[in-house]
Amino acid sequence: MNKNINILNISTSKINLLDLNRQDLKNFLISLGEIKSFCTEQIMKWIYTHYCNDFNKMFNISIKTRNKLCKKSYIFAPKFTEEKISHDGTIKWITSINNQKIETVYIPEEKRSTLCVSSQIGCCLQCHFCATGKEGFQRNLKVSEIVAQIWQANKTLKEKNITNRITNIVFMGMGEPLLNLNNVVSALKIILDKYGFSLSKRRVTLSTSGIAPALDKLRNMIDISLAISLHAPNDVIRNLIMPINRKYNISAILNSALKYLKFSNANRGGVTIEYVMLDGINDSNENAQQLATLLSKIPSKINLIPWNSFLGASFLCSNIHRINIFANILRKKGFSVMIRKNRGQDINAACGQLTSNIINHLTK
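In this text, residue positions in the sequence shown follow the UniProt record's numbering: the first is 1, and each later residue adds one.
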């Protein structure tokens with residue numbers, strides 16, 4: 001694939017329409033003097049159904065309106081500049097913008113295909129078991145940069161004649177989504193909009209390490225499936241592996257999650273609890289019992305994640321026998337437990353492996 005950095009020479013006074021959800025686009029059109037409400041839907045259909053980024057090809061939009069749009073706006077989705085394909089069919093796409101890398105992962109399965117999108121470049125939370133945290137934080141992604149990952153993924157799959165189209169989207173890529181709250185919510189509105197990507201709220205999942213105040217705000221902004229990156233059964237262990245816990249502890253996170261569940265129709269089966277399995281750290285029988293007690297009053301599904309190694313990490317993954325014992329303890333307590341399959345490890349696309357530093361190391 002083309003490895004050149006995406007460069008777009010457009011006046012900064014122009015607006016990228018990929019930054020606008022439907023209400024924002026409607027307001028923008030009104031500012032241009034366009035009062036026909038159906039024009040908003042027409043433009044969104046061109047962008048998100050036909051993947052059209054040329055106003056002159058939007059034949060059912062008046063020439064007068066198209067001319068105004070050309071003067072005041074543009075449609076730009078940064079292209080994928082690198083592609084890595086795993087032996088298991090997982091694809092990692094990389095977008096390079098001014099030497100910064102955005103990573104997006106496509107995970108095909110028999111009955112569904114999931115796109116894992118990033119919300120930031122790097123991450124400031126510095127979870128010790130995660131490569132992205134080791135990279136450090138660079139910046140938040142714009143709405144258009146979040147949306148472009150899906151736009152380009154759908155377009156690329158179509159061009160490749162891949163029939164396994166995206167059915168699910170997870171905000172589990174680079175970054176903490178709730179630390180880019182407004183842009184993530186605006187992108188989610190486009191993802192759920194029937195004139196946008198038109199996905200069900202139950203097929204879109206936001207994963208958070210637990211920024212409690214932002215989670216409290218989220219429940220008044222949008223309803224989507226929620227996943228909590230918990231990874232520990234008590235504050236002592238979580239403090240050691242996730243520094244954010246010293247600011248927002250487990251009790252604060254689960255209280256905010258409970259409030260979200262009361263509001264949500266997307267989480268009828270409960271919140272998803274993500275729990276990375278670290279040998280000798282959080283995987284004992286006692287830890288499983290503690291986790292069961294901790295989650296006894298919150299409707300939840302538990303997703304056990306075999307830890308994925310990365311350069312310079314000091315952890316070991318729990319062996320499969322230990323993971324199964326841990327899972328069975330929880331199942332006997334009545335919990336729904338899934339052990340996540342490792343996908344894309346050979347291209348460093350698995351959970352916790354997304355970082356441009358690793359890519360640079362592997363591609364030298």
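No residue lacks a Cβ here, since even glycine has one placed at the ideal position from N, Cα and C.
Because the structure is a prediction, the values reported are computed rather than measured.
Which same chain residues end up closer than 6 angstroms to A214 when comparing Cβ atoms and leaving out the 5 residues on each side of it in sequence?
L178 and L181
Other residues of its chain near H361: CB distance less than 7 angstroms, five sequence neighbours each side excluded:
Only weak support exists for where H361 lies, its pLDDT of 34 falling under 50; the coordinates are left without a value.
Within 10 angstroms of the Cβ of N2, are there 16 or more other Cβ atoms? Answer buried if so, exposed if not.
With a pLDDT of only 43 at N2, under 50, the local geometry of the prediction cannot be trusted, and the value read off the model is given with reservation. So N2 counts as exposed.
Which residues DSSP lists as bridging V271, in chain order:
S300
Three-state class that DSSP yields for M277 in the structure shown:
M277: strand per DSSP, three-state reduction.
Excluding sequence positions up to five away, which residues of its chain have a Cβ less than 6 angstroms from the Cβ of A257?
I228 and V271
Have a look at R219 and N267 and give me their C-alpha separation to the nearest angstrom.
For R219 and N267, the distance between alpha carbons rounds to 12 angstroms.
Quick one: Cα of C123 to Cα of N183, how far?
Cα-Cα distance, rounded: 16 angstroms.
In whole angstroms, give me the CA-to-CA distance for I35 and N328.
60 angstroms
Continuous beta strand (DSSP E) assignments of at least 3 residues falling wholly in the stretch 65 to 152
Counting whole runs of 3 or more residues, the stretch 65 to 152 contains the beta strand (DSSP E) stretches 82 to 85, 91 to 97, 100 to 108, 113 to 116, 120 to 122 and 137 to 140.
Reducing DSSP to helix, strand and coil, say where K14 ends up.
DSSP places K14 in the coil class of the three-state scheme, outside both helix and strand.
Which first and last residues belong to the alpha helix (DSSP H) in which M44 is found?
F38 to Y48 is the extent of the alpha helix (DSSP H) around M44.
Have a look at the DSSP bridge pairing and note the partners of C208.
What sits at residue 208 in the sequence shown is Thr, not Cys. Paired residues: I228.
At which residues does the alpha helix (DSSP H) containing S336 begin and terminate?
That residue, S336, is in no alpha helix (DSSP H); its beta strand (DSSP E) goes S336 to I339.
Quick check: the Cα distance between K262 and F38, rounded to an integer number of angstroms?
35 angstroms
Give the secondary structure of I162 by DSSP, where H, G and I count as helix, E and B as strand, and everything else as coil.
coil
Spatial distance of R322 from E274 (CA atoms):
17 angstroms
I'd like the list of long-range same chain contacts for L69, defined as Cβ closer than 6 angstroms, with 5 residues on each side in sequence excluded.
F55
Quick check: the stretch 182 to 198 against the stretch 15 to 22, are at least 3 beta-carbon pairs closer than 8 angstroms?
yes
Just the C-alpha distance for N303 and S62, rounded to the nearest angstrom, thanks.
Each residue's alpha carbon lies about 51 angstroms from the other.
Beta carbon of P78, beta carbon of T95: below 7 angstroms?
yes
Assess, as a yes-or-no matter, whether the stretch 26 to 34 is touched by the stretch 191 to 201 under the definition of 3 or more beta carbon pairs within less than 8 angstroms.
no
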